[in-house]
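Below you'll find the structure, written out as structure tokens, and then a few comments.
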Amino acid sequence: MLNVYQPTNLLHTGIALVFYLLMAGFVVYSFLALYALNRFGHSKLLATVISLIYIVIIASLFAAAQTNLNSIKF
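Residue numbers (this note's numbering): 1364 to 1437.
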């Protein structure tokens, strides 16, 4: 079960806010990159396969980053 990160003071809140803002910016950038790949790429099948692999990799990296954020002790 995934433990939800709950900040206990202002420093933790700031760190969580910066983390989630960075993640949101990365998600927007990723969607734009995948859109450009699917819209302007020559092979739609290859673009779809690359997009699916990319989404799986990014989801696993986010889960790892979330776990590491939860384990930070101040």
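Yeah, the Cβ is synthetic: ideal placement off N, Cα and C, and Gly gets one too.
A quick note: this is a predicted structure, and the numbers were derived from the prediction, not measured.
In the structure shown, what three-state DSSP assignment does residue i receive?
i, result
"Gly1388", "helix"
"Ile1420", "helix"
"Ser1406", "coil"
"Ser1393", "helix"
Rounded to whole angstroms, what is the Cα-Cα separation between residue i and residue j?
i, j, result
"Thr1430", "Phe1389", "18 Å"
"Ala1428", "Phe1382", "9 Å"
"Leu1432", "Leu1408", "36 Å"
"Ile1435", "Leu1384", "18 Å"
"Asn1372", "Ala1379", "11 Å"
Pull up the CB-CB distance for residue i and residue j, whole angstroms please, since I reckon it's below 8 Å.
i, j, result
"Asn1401", "Ser1414", "6 Å"
"Ala1410", "Gly1404", "4 Å"
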